[in-house]
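The next block holds one structure in the form of structure tokens; read it before the comments.
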Amino acid sequence: MQRSMTFVCASALMLAFAAPSFAQSSQNRVVEYGDVDAYSQRGAETILNRVEHASEQICGDRPGPMPIPERQGVAACTYETMDIAVADINNPAVTARYYGYDPQVIVEDPGDAYLSPKGNY
2 MQRSMTFVCA
12 SALMLAFAAP
22 SFAQSSQNRV
32 VEYGDVDAYS
42 QRGAETILNR
52 VEHASEQICG
62 DRPGPMPIPE
72 RQGVAACTYE
82 TMDIAVADIN
92 NPAVTARYYG
102 YDPQVIVEDP
112 GDAYLSPKGN
122 Y
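Throughout, the working numbering is defined as the position within the sequence shown, counted from one, plus 1.
Listed below in structure tokens is the structure:
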């Protein structure tokens, strides 16, 4: 099954933050991710890179100099769009990678928990 996600940036964000030339009712992009293992770190990173690229396109990011208020608006729109997209994807590995969580295993010293009543293992 081919998986994809369509992202929509609300017109309010576009009007509030982006330049007037980008102020449209809404924009969306389809991000395909059926070709990657979303549960692996590499796959999650690939999906996030694709989502970020689509979000930047939606929000009007472009290379080169940009007035500070416009740059701030594009950044805010990009973060908001990515937050929504990650929530919509609803994959634990993608969500963890997006928020910077790394799997951890905590090993504790069992202390005397495994001692027999006689004190021998």
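Where is the CB? At the ideal position from N, CA and C, for every residue including glycine. Fair warning: this is a prediction, and the values are worked out from it, not measured in the lab.
Residue 50 sits in a helix when the DSSP states are folded into three classes. Looking at the DSSP output, residue 92 bridges to nothing. In the three-state DSSP reduction, residue 37 falls in the coil class, being neither helix nor strand.
Residue environment: residue 61 is assigned as buried (16 or more neighbouring CB atoms within 10 Å of its CB, all protein chains considered). Between residue 76 and the set 93, 89, 56, the nearest pair of CA atoms involves 56. Proximity of the segment 39 to 51 to the segment 65 to 80 falls short of the contact definition, fewer than three beta-carbon pairs being nearer than 8 Å.
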